[in-house]
Amino acid sequence: MLEDLDPVETREWRDALASVVEFDGTDRAGFLLEELVSQARRTGAPVPYSANTPYLNTIPPDRGAPHPGDREIEHRIRSLIRWNAVAIVLRANKESSELGGHIASFQSAATLYDTGFQHFWHAPSAGHGGDLVFVQGHVSPGIYARSFLEGRLTEEQLLNFRQEVGGRGLSSYPHPWLMPDYWQFPTVSMGLAPLMSIYQARFLKYLHARGLADTANRHVWAFLGDGEMDEPESLGAISLAGREKLDNLIFVVNCNLQRLDGPVRGNGKIIQELEGVFRGAGWNVIKVIWGSGWDPLIAADKTGLLLKRMEECVDGEYQDFKSKNGAYVRQHFFGRYPELLDLVANMSDDEIWALARGGHDPVKVYAAYRAAVEHTDQPTVILAKTVKGYGMGEAGEGQNITHQQKKMGQDVLRAFRDRFGIDVPDERIPDVPFLRLAEDSRELAYLRERRAALGGSLPARRRASRALPVPELSAFEAQLKSTGDREISTTMAFVRILTTLLRDKQLGRHVVPIVPDESRTFGMEGLFRQFGIFSQVGQLYQPEDAKQLMYYKEDTSGQLLQEGINEAGAMSSWIAAATSYSVSDTPMIPFYIYYSMFGFQRVGDLAWAAGDSRARGFLLGGTAGRTTLNGEGLQHEDGHSHLISATVPNCVSYDPTFSYEVAVIVRDGLRRMYAEQEDVYYYITLMNENYPHPALPEGVEQGIAAGMYLFREGQAPTSRRNGGNAATKAAPRVQLLGSGTILREVIAAADLLAELGVAADVWSCPSFTELARDGMATDRWNMFNPEQPRRQSYVEQCLAGRPDGPVVAATDYMRAFAEQIRPYVPRHFRVLGTDGFGRSDYRRALREHFEVDRRFVAVAALAELAAEGSIPAATVTKAIASYGIDPNKPNPARA
Ligand SMILES: Cc1ncc(C[n+]2csc(CCOP(=O)(O)OP(=O)(O)O)c2C)c(N)n1
Ligand SMILES: [Mg+2]
435 MLEDLDPVET
445 REWRDALASV
455 VEFDGTDRAG
465 FLLEELVSQA
475 RRTGAPVPYS
485 ANTPYLNTIP
495 PDRGAPHPGD
505 REIEHRIRSL
515 IRWNAVAIVL
525 RANKESSELG
535 GHIASFQSAA
545 TLYDTGFQHF
555 WHAPSAGHGG
565 DLVFVQGHVS
575 PGIYARSFLE
585 GRLTEEQLLN
595 FRQEVGGRGL
605 SSYPHPWLMP
615 DYWQFPTVSM
625 GLAPLMSIYQ
635 ARFLKYLHAR
645 GLADTANRHV
655 WAFLGDGEMD
665 EPESLGAISL
675 AGREKLDNLI
685 FVVNCNLQRL
695 DGPVRGNGKI
705 IQELEGVFRG
715 AGWNVIKVIW
725 GSGWDPLIAA
735 DKTGLLLKRM
745 EECVDGEYQD
755 FKSKNGAYVR
765 QHFFGRYPEL
775 LDLVANMSDD
785 EIWALARGGH
795 DPVKVYAAYR
805 AAVEHTDQPT
815 VILAKTVKGY
825 GMGEAGEGQN
835 ITHQQKKMGQ
845 DVLRAFRDRF
855 GIDVPDERIP
865 DVPFLRLAED
875 SRELAYLRER
885 RAALGGSLPA
895 RRRASRALPV
905 PELSAFEAQL
915 KSTGDREIST
925 TMAFVRILTT
935 LLRDKQLGRH
945 VVPIVPDESR
955 TFGMEGLFRQ
965 FGIFSQVGQL
975 YQPEDAKQLM
985 YYKEDTSGQL
995 LQEGINEAGA
1005 MSSWIAAATS
1015 YSVSDTPMIP
1025 FYIYYSMFGF
1035 QRVGDLAWAA
1045 GDSRARGFLL
1055 GGTAGRTTLN
1065 GEGLQHEDGH
1075 SHLISATVPN
1085 CVSYDPTFSY
1095 EVAVIVRDGL
1105 RRMYAEQEDV
1115 YYYITLMNEN
1125 YPHPALPEGV
1135 EQGIAAGMYL
1145 FREGQAPTSR
1155 RNGGNAATKA
1165 APRVQLLGSG
1175 TILREVIAAA
1185 DLLAELGVAA
1195 DVWSCPSFTE
1205 LARDGMATDR
1215 WNMFNPEQPR
1225 RQSYVEQCLA
1235 GRPDGPVVAA
1245 TDYMRAFAEQ
1255 IRPYVPRHFR
1265 VLGTDGFGRS
1275 DYRRALREHF
1285 EVDRRFVAVA
1295 ALAELAAEGS
1305 IPAATVTKAI
1315 ASYGIDPNKP
1325 NPARA
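Read in order, the letters of the sequence shown correspond to residues 435 to 1329 in our numbering.
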């Protein structure tokens, strides 16, 4: 702090400012100050930068929009909701605390939600597409409590809170998978809601700009915890929201100063910290710190001492005050300075205790929300200060233990009842009854009138939208033909399929290509000019490559979403597009293509949330395969994304080899997701290795989709060993399975085996994961139907038609990928795969290193034939030697 060298002069400047404010208003005052600051900076005066404003409400008392509701009625409604929310958790934990649930978080946020429900959030209705509300996961009891009052949920459902098996109860947290007509957004994995909500808001702008849906009056509201803001994902995309001027986005951060273990910022102030961060990112920040009761005290604070006290207290102290009582606040907050004690001298301890925080004051919250929805050109964050466990008294108010508190004793419940004026007689307190509003009550009429005015009840989720006309497979004719000698990659095949879809008269508009700064990697730069890159401001510069055919074109109606180096953001962008059928009744077909290594393992939690969200769309893992993307090394070469994708129950994944397989899979995905409206999404790996592609064999489409088809039948060789007497002694035979580029090694292995007199049938297996899922389902059916004829899994059906002999599978993924089908292979079965860290080298060297090239496939087949007794073990030894394989080479899984 600089010293005040001339207090009289200082006073003159202050007075001058005060008179400007009085006669010309605050805007003029702000203008003059900016001029002065700018002038001072030019002279080199040290003008310190501060991203913060004083620790006061952003909206002064006389500036806020007045609350239009009946505050008494609203208070009574809110009190009942508070009670029922407590009852839901207490009753779920009556017998044992096995089920859990949270009380304190909702109690701190009740006014924040209620104000939205009563006055702001539109349900989808005529003339309004509906606002999108991301509810903080663990406040779900509060939301159920309101739905109960509205008559949308039964007492039985409340009693079954967190008992979701069999669909009888209410889900612990917001899960569209479990309550598909109710919850829109899964939020409880902290940090995902802030990230996903930003992209939902941006996608609404995209739909509007492209003329696909009118989203102009819709807002996205994300309710977040102050502790949750510590997740990197929470803040990771806020600069995008600022840059893109997402004025349809409102964050409400419930600053109850606590997280699970203790204070969020005991030694600092979370509100001030977040204010600085969001202002720096270009957001409109509205702080709602003090309730109306503080207004006269702040107005009377002529010396600024009250503000000084407010600013010097850290959150740890503020939390402590609210865990005590009015006398304690008088002594420890006001008591620091005698003048402040004077300020509250005529207030009782109870009155001091009743000085509420801004987030508990409907008037302050309403004014903030109104200002937020009216603000243009910037997203808004509302930082609302509250008390965690508000009203819970001794059971947890402001206490470090409050987050986990699932019990409230009789005395505490009685105190809670009295504090909120709830009508429950003493003798009924032990039952913690669920309370309804009387049919003829003013409260119920009010509640209904408010929701009717806003278009209906929320939360509500749309399950299905209109079906889209999906093209016939023949639309991808070029991909179904042989490429002859021309060598292409599956990535190139995919880009052509994508281009065909983009040009499709009916479907094209719905296609959303998404890239995280990798278009050139995948040969997609041709799409820039043809379809444009979405930008809300168009292109304010002439691109450097403007004269070229495929220049970098940004456009207000661009179709491509270029997300920059930001996989988490791009994935959230994909989720927004993939849920557009539900959120905006506008089915969209997103294709997000990225380095497969930076997909499921990088943003796995978002992939899981996408499953919960019932997202529909395509993920394309480009440059896939541990040995296929060869020069990039250990952190690029993916040999396991298929294992992670298999963990998402409604993710259907494929590892195709040939261009026609990609076409069949994409077309089948379109059919399932956009014609049948199944809630699945597709993960397809694509490779950058070039090779010739054969034509679509006849009748294999279903096999491709199911995950396996006979690609080539092994010729019964006129083997030397059999002396050309194949008719009398059948040649030994194996079944070879493969996927991705390694299928080509498998095909080559069949040729090697033929030279040794072994017949090999070759199967292309585009999805070991789908095969395994079918196998498990069949197995389960058999277990439960012991007296019925046994059903065969699809793998068994395929193999049943083939002569006996061992099975070998090889892929460019870890062994566990193909191992998934072992239970359904009732034969000798050996799996090859790429376990171990990748590294950079030629593909040939890598496939040798990981033991997945044709020679190893052939040796594996021979080894199994020997184990079966069909050939002598010496044949295997001989093959190992003749192929030049070093049997003592280090194990790649450990190297
Ligand atoms: C990614 C993730 N990590 C941890 C948790 C467990 N968790 C649930 S609530 C919570 C504390 C939340 O504190 P805050 O964000 O301040 O919300 P409040 O309850 O105070 O409103 C934690 C740690 C989680 N749900 N998600
Ligand atoms: Mg908190």
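Heads up, the beta-carbon is just placed ideally off N, CA and C, and yes, glycines get one too.
Here the segment 800-820 makes contact with the segment 489-501; the two share three or more CB pairs at distances below 8 Å.
With a cutoff of 7 Å, Val-866 does not count as near ligand 2, since its C-beta is closer than that to no heavy atom of the ligand.
Rounded to whole angstroms, the Cβ separation of Glu-952 and Tyr-1028 is 6 Å, and the two are in contact under 8 Å.
Annotated three-state conformation of Tyr-1125 is strand, per DSSP. Look at Arg-791: its beta carbon is at least 7 Å from all of the heavy atoms in ligand 2. Of the residues His-536, Gly-890, Leu-789 and Cys-747, the one whose Cα lies closest to the Cα of Ile-522 is His-536. Of the candidates Pro-666, Gln-570 and Pro-620, the residue whose Cα lies closest to the Cα of Asn-1000 is Pro-666. Straight-line measurement puts the Cα of Glu-1282 at about 11 Å from the Cα of Pro-1324.
Residue pairing from DSSP leaves Trp-1042 without any beta-bridge partner. One Cα belongs to Asp-795, the other to Gly-725, and the distance between them is close to 5 Å. For Ser-1075, the closest of Leu-1120, Ile-1255, Ser-991 and Leu-1266 by C-alpha to C-alpha distance is Leu-1120. Pairing His-642 with Ile-684 gives a Cβ-Cβ distance that is not under 8 Å. Arg-510 counts as buried, since at least 16 other C-beta atoms from the protein chains shown sit within 10 angstroms of its C-beta. When DSSP states are grouped into helix, strand and coil, Glu-988 belongs to the strand group.
For Leu-817, the shortest separation between its Cβ and any heavy atom of ligand 1 does not lie below 7 Å. Taking all protein chains shown into account, Thr-810 has fewer than 16 neighbouring C-beta atoms within 10 Å of its C-beta and is therefore exposed.
Under DSSP, Pro-1024 takes part in a beta bridge, and its partners are Val-946. A distance criterion of 7 Å places the beta-carbon of Arg-693 in contact range of ligand 1, judged by its closest non-hydrogen atom.
Short note on Asn-1322: C-beta not closer than 7 Å to any heavy atom of ligand 1. Proximity to Ala-1308 across Asn-1219, Gly-1267, Glu-1230 and Leu-1190 peaks at Leu-1190, based on C-alpha coordinates. Beta-bridge annotation (DSSP): Val-1086 is paired with Tyr-1116. Contact between Val-1086 and Glu-1179 fails: their C-beta atoms lie close to 25 Å from each other, not under 8 Å. For Thr-1081, the number of other beta carbons within 10 angstroms of its own is below 16, and it is reported as exposed. Taking a 10 Å sphere around the C-beta of Tyr-752, we find 16 or more other C-beta atoms and assign the residue as buried.
Remark: C-beta atoms of Phe-1202 and Ala-1244 do not approach each other more closely than 8 Å. In the DSSP assignment, Arg-1048 is bridged to no other residue.
Taking a 10 Å sphere around the C-beta of Asp-1246, we find 16 or more other C-beta atoms and assign the residue as buried. With a cut-off of 8 Å on Cβ pairs, the segment 1033-1042 is not in contact with the segment 923-943, counting fewer than three such pairs. Rounded to the nearest angstrom, the gap between the Cα atoms of Glu-1112 and Ala-1012 is 12 Å. Per DSSP, reduced to three states, the secondary structure at Tyr-1108 is helical.
Shown here for Lys-756: same chain residues with a beta carbon closer than 6 Å to its own, the five before and five after excluded, namely Val-821 and Gly-832 in chain order.
For Gly-1033, the distance from the CB to the nearest heavy atom of ligand 2 is not below 7 Å. One alpha carbon belongs to Arg-897, the other to Asp-664, and they sit about 33 Å apart.
By the Cβ neighbour-count rule, Thr-1057 is buried, with 16 or more other Cβ atoms within 10 Å of its own.
Residues Asn-1064 of the same chain have their beta carbon placed closer than 8 Å to that of Tyr-1276, with the five preceding and five following residues left out of the count.
Of all alpha-carbon atoms in Pro-1240, Arg-900 and Ile-732, the one lying nearest the alpha-carbon of Val-1192 is that of Pro-1240.
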